[in-house]
Amino acid sequence: MTTAHRAFLGAIMGAIIALFLHPLSRPWLQYSFWQFSPSQVVTSSPDLAKTLPSLPSPKDDDDLSLYVQLAAEKIADGQQLSSQDALLLAELCRNAAEKDPQNAFWRQSESVFQYALGNNDAAETAWRRASKRPDWNDFQSQQIRTFLQNMTEESGAEMSWHAATASYLRSTAVPKVIHSLGIKLMNQNPSLTTRSDTFINAILIRDQARAEAGSFYGYLLAETAATGPFTVPGTKREKTYIRAEFPTELNKENLSLVADQVDRGLRENEAFQALVYTEGNDKNLQRLAGKSILLGSLPGALLFAATASGLLVLLAYCVPLHRLGDPVSPAIPATISLIASLGFYLLTKQIITSLWILLVTALFAIHPPISLISPSLKIPRLSLILGSFFCVLLCALFAAGAVVLSTPFQSLAAYLPQGWWNNPLQFFTEATLLVVGTFILCNQITAYKLRRPAGRFCITVARHGLAQASLACLFCSIIVTPAAIYWDSKVNQDLRKIALNETAYYLNR
Amino acid sequence: MTKDEFLKLADAVFDHDASEADLELFEQHLELNPEWMDEWADQKTALLALMGQEPIQASPNFTPSLTARWQAQKIRQSIQYWTPAALAGIAAAIGLFVVLQVLGAPIQTETFGRPEAEARLESNTSVEFPSLAEPSNR
């Protein structure tokens, strides 16, 4: 080793030790390196309705909102609440509404449960009362804050994938159920008063649901209330006319204050449609979530790849090449290749991959006669470069595998688009066999040309290539870790805004 | 490096005149061209025979290349050999610590365009919109 080589090795080791010692960087190395289990907070957080392991006793409004969200999830899934549950929830919501008179959420929820009980008049009364409230708060933002705090404690650092997970875990079942109830109430009583009450209730949800999907239910309900609950025959132009006439109808009934409110709400609806409910918001969130996964797991994944590659180097050096005797009989590699390919075929039923294994391993049976074997141990430079290239590819596969198995990926996998990561075992088996097989094939050809035993040649090249790949991964992880911390803080700013108030994020971007 | 240069370098190594850099160079070329070492050993034996000296009969396990490796190993075990690695390691660790300290400074979260917009996260004020007649306000 030259002085530069030794200095390079020393610098890598020093940097890795520093990364493990510093409290800021240590948490970034855990995922994909030694943390592969799913996050306990994500799977069973008591703070969110979607992760709640068991219902808490309703001590405060925060707990009660979890009850309401869970019940709404059930109704939204098409299930029915039992009469006892609906009655209990209606009573609890009524009590909460008395204690929190500004919040329309309780009255709207009470209306949902009264309607589920068949008390249509009580449902209408609660619905009308809700429209007189100025605020709408389902307590999810506070719950998400607590969830994010718990995630930070679990990880040891604030990471953007926490906020990405929280964004997807925000429940929109309550706005969905309220939208459905609003339509039913208008169908039941299509009077101007019910339409205006529904419109105002819908506007409250649109403004304060804090998730694009939840807010959209409010928007839809407001539009339905403006045009009326029935299917309007005629062209889009006629529908637009009916919608625009809604405030005029209210004015005619001497409801000028409500008419002003509706007029303003209709104009705001157009602004919401232009700014918030735009195409590509889902993809934007998915893109940010994808970035957050990579930033949270790539430093550890590179270290994992370096370690795996390093272990393979050690394994390659365990083979005592200089003590090996003459090349083995061709029957041995031929038999092994047959067994390996047949076994793989029986396990997976993949004929092409099995044939690939047969081809690659059976070629070890062909070697030059012992009398012709070259005494030289020199490895051509091109073989070393090619070998290193394939080993780097193998390390990239190791790193990708570690990312897919990492906690951030597992927490967000359900919300990502379909891809090879949905069937990682098959992908990595095939990709690894392709890379390793091509590496072996190239070296077999070169070894035959140089009149050298192919197995020993492959191991010698692998020793060199894997060592290079391992060093490259270590170097990359040192560069990537501070960069990931920096970029993650940037991505986190956007994702936190989306998690806490997605509607405001899109309105103000 | 040509074969002649290697043979001269081998002489220097076995006469203990080689520097550390020469030793590294020697070792690299020894791995690449082990047959040159055999040739050097043959020449050395022939030279000793010409001078009337008995060539040293090395045991089968004690070859000149093994001696050269032993020389290199001795140097590898010395502290001076690893000093550049240690210095570079310390420098890299300090550099990374500094970078991480800078990154660890509290980051100010960017507020939304209007201060009252951020307040909407805390309080349940309704979203303020300009009328459609005044689109330039947005």
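Just so you know, the sequences run in chain order Y and A.
Per my numbering, the first sequence runs over residues 198 to 706.
Per my numbering, the second sequence runs over residues -4 to 133.
C-beta atoms are modelled at their ideal positions from N, C-alpha and C, and glycine is treated no differently.
Beta-carbon gap between residue i and residue j smaller than 9 Å
i: Leu382/Y; j: Tyr438/Y; result: no
i: Leu289/Y; j: Pro255/Y; result: yes
i: Val633/Y; j: Phe587/Y; result: yes
i: Leu613/Y; j: Ala502/Y; result: no
i: Gly411/Y; j: Thr369/Y; result: yes
i: Ala294/Y; j: Leu692/Y; result: no
i: Leu2/A; j: Ala212/Y; result: no
i: Val600/Y; j: Leu495/Y; result: yes
i: Thr199/Y; j: Ala16/A; result: yes
i: Ile636/Y; j: Leu583/Y; result: According to the sequence displayed, residue 636/Y carries Phe and not Ile. Yes. Within cutoff.
i: Gly497/Y; j: Asp685/Y; result: no
i: Gln547/Y; j: Glu420/Y; result: no
i: Thr504/Y; j: Phe336/Y; result: no
i: Lys375/Y; j: Leu418/Y; result: Inspection of the sequence shows that residue 375/Y is occupied by Ile rather than by Lys. Cβ distance < 9 Å, so Ile375/Y and Leu418/Y count as in contact.
i: Pro195/Y; j: Ser352/Y; result: It is not possible to answer for residue 195/Y, since the shown part of chain Y is limited to 198 through 706.
i: Leu663/Y; j: Gly507/Y; result: yes
i: Ala711/Y; j: Phe625/Y; result: Outside the modelled stretch of chain Y, which goes from 198 to 706, sits residue 711/Y, for which no answer is possible.
i: Gln340/Y; j: Asp259/Y; result: yes
i: Ala354/Y; j: Thr395/Y; result: no
Contact set for residue i: own chain, Cβ-Cβ below 6 Å, skip 5 residues either direction
i: Val455/Y; result: Ser393 and Leu447
i: Ser222/Y; result: Leu216 and Thr678
i: Leu366/Y; result: Leu245 and Lys247
i: Ile554/Y; result: Ala537, Ser538 and Phe541
i: Tyr474/Y; result: Phe413
i: Ala666/Y; result: Ser506, Cys588, Val589 and Cys592
Beta-carbon neighbours of residue i, restricted to chain C and to distances below 8 Å
i: Trp77/A; result: Judged by its chain identifiers, the structure shown contains no chain C, and its protein chains are Y and A.
Residue i to residue j span [Cα, whole Å]
i: Lys(-2)/A; j: His564/Y; result: 30 Å
i: Val658/Y; j: Val516/Y; result: 13 Å
i: Ala5/A; j: Gly652/Y; result: 32 Å
i: Ala36/A; j: Leu579/Y; result: 30 Å
i: Leu499/Y; j: Thr248/Y; result: 31 Å
i: Ser388/Y; j: Ala273/Y; result: 26 Å
i: Cys673/Y; j: Ala593/Y; result: 11 Å
i: Ser538/Y; j: Ile529/Y; result: 14 Å
i: Ser338/Y; j: Tyr514/Y; result: 56 Å
i: Ile675/Y; j: Pro577/Y; result: 31 Å
i: Pro524/Y; j: Leu535/Y; result: 19 Å
i: Leu286/Y; j: Ala269/Y; result: 11 Å
i: Gly425/Y; j: Thr445/Y; result: 14 Å
i: Leu733/Y; j: Lys373/Y; result: Because chain Y in this structure spans residues 198 to 706, residue 733/Y falls outside the shown range and cannot be described.
i: Gly207/Y; j: Leu261/Y; result: 58 Å
i: Lys271/Y; j: Gln281/Y; result: 15 Å
i: Ser308/Y; j: Ile695/Y; result: 29 Å
i: Ser364/Y; j: Pro250/Y; result: 19 Å
i: Ala320/Y; j: Ala611/Y; result: 36 Å
i: Leu226/Y; j: Ser585/Y; result: 25 Å
Sequence-distant residues of its chain with Cβ nearer than 8 Å to residue i (five each side left out)
i: Cys234/Y; result: The sequence given here places Ser at residue 234/Y; Cys does not occur at that position. The answer, listed in chain order, is Thr604.
i: Trp333/Y; result: Asn300, Ala301, Phe302, Gln305, Leu401, Ile402, Asp404, Gln405 and Ala406
i: Leu518/Y; result: Arg653, Ile656 and Thr657
i: Asn347/Y; result: Val238, Ser242 and Asp244
i: Tyr264/Y; result: Leu252, Pro255, Leu286 and Leu289
i: Leu552/Y; result: Ser538
Where residue i sits in the DSSP three-state scheme
i: Tyr180/Y; result: Here chain Y comprises residues numbered 198 to 706, so residue 180/Y is not present and cannot be evaluated.
i: Asp332/Y; result: strand
i: Asn300/Y; result: strand
i: Tyr683/Y; result: helix
i: Leu228/Y; result: First, the residue type needs correcting, since residue 228/Y is Tyr and not Leu in the sequence shown. Strand, per DSSP.
i: Glu350/Y; result: helix
i: Met181/A; result: Any answer about residue 181/A is impossible in this case: the structure gives chain A only from -4 up to 133.
i: Gly477/Y; result: coil
i: Leu20/A; result: helix
i: Gln337/Y; result: helix
i: Ile209/Y; result: helix
i: Gly411/Y; result: helix
i: Asp274/Y; result: coil
i: Gly487/Y; result: helix
i: Leu245/Y; result: coil
i: Gly616/Y; result: coil
i: Gly722/Y; result: In the structure displayed, chain Y extends from 198 to 706; residue 722/Y sits before or after that span and is not available.
i: Ser534/Y; result: helix
Residues of its chain near residue i, where Cβ-Cβ distance is below 7 Å and the 5 sequence neighbours each way are ignored
i: Gln385/Y; result: Asn317
i: Pro331/Y; result: Gln299
Quiz item: Between the segment 214 to 230 of chain Y and chain A, which residues of the former have CB atoms less than 7 Å from a CB of the latter, in chain order?
Solution: Cβ contacts with chain A come from Ile214, Ala215, Leu216, His219, Leu221 and Ser222.
Self-check item: Contact residues within the segment 325 to 346 of chain Y, judged by C-beta distance below 9 Å to chain A
Solution: Pro331, Asp332, Trp333, Asn334 and Ser338: these are the residues of the segment 325 to 346 of chain Y whose beta carbon lies less than 9 Å from some beta carbon of chain A, given in chain order.
Exercise. Check each residue of the segment 283 to 306 of chain Y: if its Cβ is closer than 9 Å to any Cβ of chain A, include it; give the result in chain order.
Key: Those residues of the segment 283 to 306 of chain Y that come within reach of chain A (Cβ to Cβ, closer than 9 Å) are Gln299 and Asn300.
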